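K.L.:
Numbering (our numbering), first residue to last: 148 to 514.
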Amino acid sequence: MRRHLSLFGIVAAAGSLAACGGGSDEVTSSTVPPTTPETTAAPTTVPPTTVPPTTVPVTTAPPTTAPPTTAPPTTAPPTTVPPPPAAENPATFFATTDLGLVEVDVASGTIVATVDDFFNGDGLFRGNIRLTPGRETIYFSEGYEDSWYACESSVGAIGSIDVASGVIENLTGGTTAELSPDGTKMIFIDSDVCLPDPEAPELWVLTPYDRAVVRDLATGTDTVYPSATPPDVYDAPTSVRWADMHADGSLLVQLGSGDVHRIPAGATGVIQDFPVAFTTDALPWDVVGDRIIATVYGAEGSSDLVSIDITTGATTPLASAEVYMAVGVGDEGQLIAVADSPIEVEPGVALTIVDLPPDGYYYDLDW
Numbered sequence: 148m149r150r151h152l153s154l155f156g157i158v159a160a161a162g163s164l165a166a167c168g169g170g171s172d173e174v175t176s177s178t179v180p181p182t183t184p185e186t187t188a189a190p191t192t193v194p195p196t197t198v199p200p201t202t203v204p205v206t207t208a209p210p211t212t213a214p215p216t217t218a219p220p221t222t223a224p225p226t227t228v229p230p231p232p233a234a235e236n237p238a239t240f241f242a243t244t245d246l247g248l249v250e251v252d253v254a255s256g257t258i259v260a261t262v263d264d265f266f267n268g269d270g271l272f273r274g275n276i277r278l279t280p281g282r283e284t285i286y287f288s289e290g291y292e293d294s295w296y297a298c299e300s301s302v303g304a305i306g307s308i309d310v311a312s313g314v315i316e317n318l319t320g321g322t323t324a325e326l327s328p329d330g331t332k333m334i335f336i337d338s339d340v341c342l343p344d345p346e347a348p349e350l351w352v353l354t355p356y357d358r359a360v361v362r363d364l365a366t367g368t369d370t371v372y373p374s375a376t377p378p379d380v381y382d383a384p385t386s387v388r389w390a391d392m393h394a395d396g397s398l399l400v401q402l403g404s405g406d407v408h409r410i411p412a413g414a415t416g417v418i419q420d421f422p423v424a425f426t427t428d429a430l431p432w433d434v435v436g437d438r439i440i441a442t443v444y445g446a447e448g449s450s451d452l453v454s455i456d457i458t459t460g461a462t463t464p465l466a467s468a469e470v471y472m473a474v475g476v477g478d479e480g481q482l483i484a485v486a487d488s489p490i491e492v493e494p495g496v497a498l499t500i501v502d503l504p505p506d507g508y509y510y511d512l513d514w
């Protein structure tokens, strides 16, 4: 389904220790021999002399307190955690062909299953396929040949097809169905506007899209977010061009002006009541994390695939082709693309490019 180093430094401090040495004084003693008198005198008794004791005062050296030694702080360089490994690509993708809806092996390009032989044909055009996270159901948008003759057909329709059985269910009017990351909600755009076409008011009608709708797939309950001013032409600044849901439950809605409004989870009201996150002329494919995968189409039909930061609006180029490039986005942001001309991929971008089938074309794909 679509919807998308280690360096340690150790700093050590070393100190040096200095030692100093001292000298000594040498004392020489002298001995005098005793002298013996030749006469003998009467013995004289000398009273003993008592020398008073001499007390040497104790000298107390003042305590010496060495200042604490504080090692300079050691700051380790910041450690950058390596990014997680890239998500593994699915083994197969789903694509619309001239007539059918098929499942294709990525490695070999071989069609491994045909979900519906006549998915398109007889004035019926189906595309914008969106695969559920469990890969059991595909949601799609439906248009009709000469649809401009009636309001209901001009708006289009949304349906689903069971991958295993091929059973198709018609769900609602509208177009450009997207799925929430958890697969519990369907987001699409719809119109309550039906105006005579100025070019042939007696024959044709205009149904510019004027609302974003979030449907709870379990209950069927719809939450509608209308534009403040109903558009009177398809490319009016107040027309609704696309809507999808972020993983946090907030809704992203792009208007014809290019403004992308972000509506908090659970909030209701008019689209323009909520702040503009960024502005872009690129047409989105899917929301991947905090970025949108989108394509900028050139006047001559070229395709520039980009990634847009939904907070800042900063745009990063991913790939380009001189013609229309169909793009699929996996559950974890894996990218797959096909075009009828070489696709130039920017350095470092992980993009799987598949070949067109022999004598055929892939108009839309998802994995």
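Even for Gly, the Cβ is constructed at its ideal location relative to N, Cα and C. All figures in this text were calculated on a predicted structure; none of them were measured in a lab.
With H, G and I counted as helix, E and B as strand and the rest as coil, what does DSSP make of S450?
P.N.:
The residue given as residue 450 occupies position 303 in the sequence shown. Looking at S450 - three-state DSSP - the assignment turns out to be strand.
K.L.:
Who are the Cβ neighbours of S177 in its own chain at under 7 Å, not counting the five residues just before and after it?
P.N.:
Working through the sequence shown from its first residue, we reach residue 177 at position 30. Note that S177 scores a pLDDT of 36, beneath 50, so its modelled location is shaky and nothing firm can be said.
K.L.:
Under three-state DSSP, which class holds D420?
P.N.:
Along the sequence shown, read from residue 1 onward, the residue named residue 420 stands at position 273. DSSP places D420 in helix when its eight states are reduced to three.
K.L.:
Hey, which unbroken runs of the beta strand (DSSP E) at 3 residues or more fall wholly within the stretch 320 to 348?
P.N.:
You should have 322 to 326 and 332 to 337.
K.L.:
Along the chain, where does the alpha helix (DSSP H) containing V302 start, and where does it finish?
P.N.:
For the purposes of this step, residue 302 is taken as the residue at position 155 of the sequence shown. Its alpha helix (DSSP H) spans residues C298 to V302.
K.L.:
Classify A486: buried if its beta carbon has 16 or more other beta carbons within 10 angstroms, exposed otherwise.
P.N.:
Sequence index remark: in the sequence shown, residue 486 carries index 339 (1-based). Buried is the call here.
K.L.:
Just to confirm, are P504 and T244 a CB contact at a threshold of 8 Å?
P.N.:
Mapped onto the sequence shown, residue 504 falls at position 357. Mapped onto the sequence shown, residue 244 falls at position 97. Closer than 8 Å, so yes.
K.L.:
With respect to the beta strand (DSSP E) encompassing E491, which residues constitute its N-terminal and C-terminal limits?
P.N.:
Working through the sequence shown from its first residue, we reach residue 491 at position 344. I490 to V492 is the extent of the beta strand (DSSP E) around E491.
K.L.:
Quick check on the burial criterion: 16 or more other C-beta atoms within 10 angstroms. Buried or exposed for L278?
P.N.:
For the purposes of this step, residue 278 is taken as residue 131 along the sequence shown, with counting starting at 1. Classification of L278: buried, given that the 10 Å Cβ count is 16 or more.
K.L.:
Just the Cα atoms here: how many angstroms apart are G268 and E491?
P.N.:
As a first step, residue 268 must be located in the sequence shown, where it is residue number 121. As a first step, residue 491 must be located in the sequence shown, where it is residue number 344. About 32 Å.
K.L.:
Does the beta-carbon distance from V380 to A359 come in below 8 Å?
P.N.:
Residue mapping note: residue 380 aligns to position 233 of the sequence shown, counting from 1. Residue mapping note: residue 359 aligns to position 212 of the sequence shown, counting from 1. Cβ atoms of V380 and A359: not closer than 8 Å.
K.L.:
Can you check whether the CB of D428 is closer than 8 Å to the CB of V407?
P.N.:
By one-based count along the sequence shown, residue 407 stands at place 260. By one-based count along the sequence shown, residue 428 stands at place 281. For V407 and D428, no; Cβs fall outside 8 Å.
K.L.:
Relative to the C-alpha of T239, which residue among I483, P494 and W432 is closest?
P.N.:
Position 92 of the sequence shown, counting from 1, holds the residue named residue 239. When each option's Cα is compared against that of T239, the closest is I483.
K.L.:
Between the C-alpha atoms of G367 and D395, what's the straight-line distance to the nearest angstrom?
P.N.:
The residue you call residue 367 lines up with position 220 of the sequence shown. The residue you call residue 395 lines up with position 248 of the sequence shown. Those two C-alpha atoms are separated by around 21 Å.
K.L.:
Where does V496 land, buried or exposed, given buried means 16+ other C-beta within 10 angstroms?
P.N.:
Position 349 of the sequence shown, counted from the first residue, corresponds to residue 496. Exposed, since its Cβ has fewer than 16 Cβ neighbours within 10 Å.
K.L.:
Compare the C-alpha of S454 against each of L498, D339 and N275 and name the closest.
P.N.:
One-based indexing of the sequence shown puts residue 454 at position 307. When only C-alpha atoms are compared, the closest one is L498.
K.L.:
Could you check if P378 is buried or exposed, using at least 16 other CB atoms within 10 Å of its CB as the buried criterion?
P.N.:
Your numbering for residue 378 matches position 231 in the sequence shown. Classification of P378: buried, given that the 10 Å Cβ count is 16 or more.
K.L.:
Would V371 and S338 be called neighbours here (beta carbons separated by less than 8 Å)?
P.N.:
What you label residue 371 is simply residue 224 of the sequence shown in a count that begins at 1. What you label residue 338 is simply residue 191 of the sequence shown in a count that begins at 1. No. Outside cutoff.
K.L.:
Contact defined as beta carbons within less than 8 Å: I believe F335 pairs with G321. What is the distance between those atoms, to the nearest angstrom?
P.N.:
Looking up residue 335 in the sequence shown gives position 188. Looking up residue 321 in the sequence shown gives position 174. Correct: roughly 4 Å between the Cβ atoms.
K.L.:
To the nearest angstrom, how far is it from the Cα of S488 to the Cα of L452?
P.N.:
Numbered from its first residue, the sequence shown carries residue 488 at position 341. Numbered from its first residue, the sequence shown carries residue 452 at position 305. Cα to Cα, the separation comes out at about 14 Å.
K.L.:
For F265, count neighbouring C-beta atoms within 10 Å of its own C-beta (all shown protein chains included) and say buried if the count is 16 or more, exposed if not.
P.N.:
Working through the sequence shown from its first residue, we reach residue 265 at position 118. Flag for F265 reads exposed.
K.L.:
Whose C-beta lies closer than 7 Å to the C-beta of P225 among residues of the same chain, with five residues either side of it excluded?
P.N.:
In the sequence shown, residue 225 corresponds to position 78, counting from 1. Per-residue confidence for P225 stands at a pLDDT of 49, beneath the threshold of 50, marking its modelled position as unreliable; the derived number appears in the next sentence. Nothing listed; no residue qualifies.
K.L.:
Per DSSP, which residues does D511 bridge with? Please list them.
P.N.:
Position 364 of the sequence shown, counted from the first residue, corresponds to residue 511. Its beta-bridge partners are T243.
K.L.:
Going by the beta-carbon positions, is the gap between I305 and D263 smaller than 8 Å?
P.N.:
By 1-based counting over the sequence shown, the position of residue 305 is 158. By 1-based counting over the sequence shown, the position of residue 263 is 116. No, the Cβ-Cβ distance between I305 and D263 is not below 8 Å.
K.L.:
Considering just the uninterrupted stretch of the beta strand (DSSP E) at N92, what are its terminal residues?
P.N.:
This structure cannot speak to residue 92, because the chain is shown only from 148 to 514.
K.L.:
Answer with buried or exposed for L350, where buried requires no fewer than 16 other C-beta atoms within 10 angstroms of its C-beta.
P.N.:
Counted from its first residue, the sequence shown places residue 350 at position 203. The residue in question, L350, is exposed, as its Cβ has fewer than 16 Cβ neighbours within 10 Å.
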